[in-house]
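Taking the working numbering, the leading residue of the sequence shown gets 44, the next gets one more, and so forth.
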Amino acid sequence: MKNKNLKIYLLFFILIAYSKISVAQSKSETENWLISIIEDPEYRYNKYHNYSVNFDNGNMVIESPFLQKLYEYKIPIKSLGKIKLQKLDDGFRLILSCSVGNCIKSGEYINEDKNNYQFKSNDKQTIIMFGSNLEFDNIPIRLKKAL
């Protein structure tokens with residue numbers, strides 16, 4: 044009987060020792076991966092959709108220059124509801140929507156001066172544009188999952 048129990052414990056130990064253990068990414072690893080994908084020139088929709096991303100106190104902060112202005116979108120991650128990725132003819136549109144109300148703060152830096160910020164509005168959603176290269180390596184699925 045002892046010999047049988049010993050074999051069972053030994054088999055259990057071997058299975059545990061050699062099994063593939065999956066470990067989830069940490070919060071900072073996920074944030075760094077999101078930054079790398081959103082900022083990567085390879086995935087850029089066009090020269091006008093150039094994003095700079097950082098994370099601050101539970102918010103994803105996106106800066107986007109457009110037509111000689113610098114815009115900022117502050118997205119509270121915990122307030123995100125629907126995350127939709129639409130395939131377009133020439134790329135992808137990632138739509139981030141609030142679960143309740145207008146949770147996304149948007150504004151612009153006057154003359155691209157970081158010390159001169161002007162609040163514009165609280166929005167229900169914001170859009171991040173990507174080029175067609177995004178479809179490789181299951182990145183659309185991984186992007187939605189990371190958010």
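Using N, Cα and C, we set each Cβ at its ideal position, and we do this for glycine too.
Own chain residues within Cβ distance below 7 Å of residue i, not counting five before or after
i    : result
R87  : N93, G174
M172 : Y88, H92, G134, R136
N159 : Y152, I153
A189 : T73, W76, L77
Q161 : G150, E151, I153
Integer Cβ distance of residue i from residue j, believed to fall under 8 Å
i    : j    : result
S164 : S142 : About 18 Å separates the two Cβ atoms, so there is no contact after all.
L128 : L137 : 5 Å
K117 : N102 : 5 Å
G124 : S140 : 5 Å
One or two residues paired with residue i in a DSSP bridge
i    : result
L123 : C141
G150 : E115, F162
F135 : K130, F173
P108 : L113
R87  : F173
D99  : N102
Q168 : S140
C-beta atoms of residue i and residue j nearer than 9 Å
i    : j    : result
P119 : C146 : yes
I105 : S95  : yes
E85  : N181 : no
I126 : K187 : yes
Nonlocal neighbours in the same chain, by C-beta distance under 8 Å from residue i, ignoring five residues either side
i   : result
E82 : Y94, S95, V96
Note to self: So, does the region 140–160 touch the region 109–120, judging by three or more C-beta pairs under 8 Å?
What the structure shows: At 8 Å Cβ cutoff, the stretches touch.
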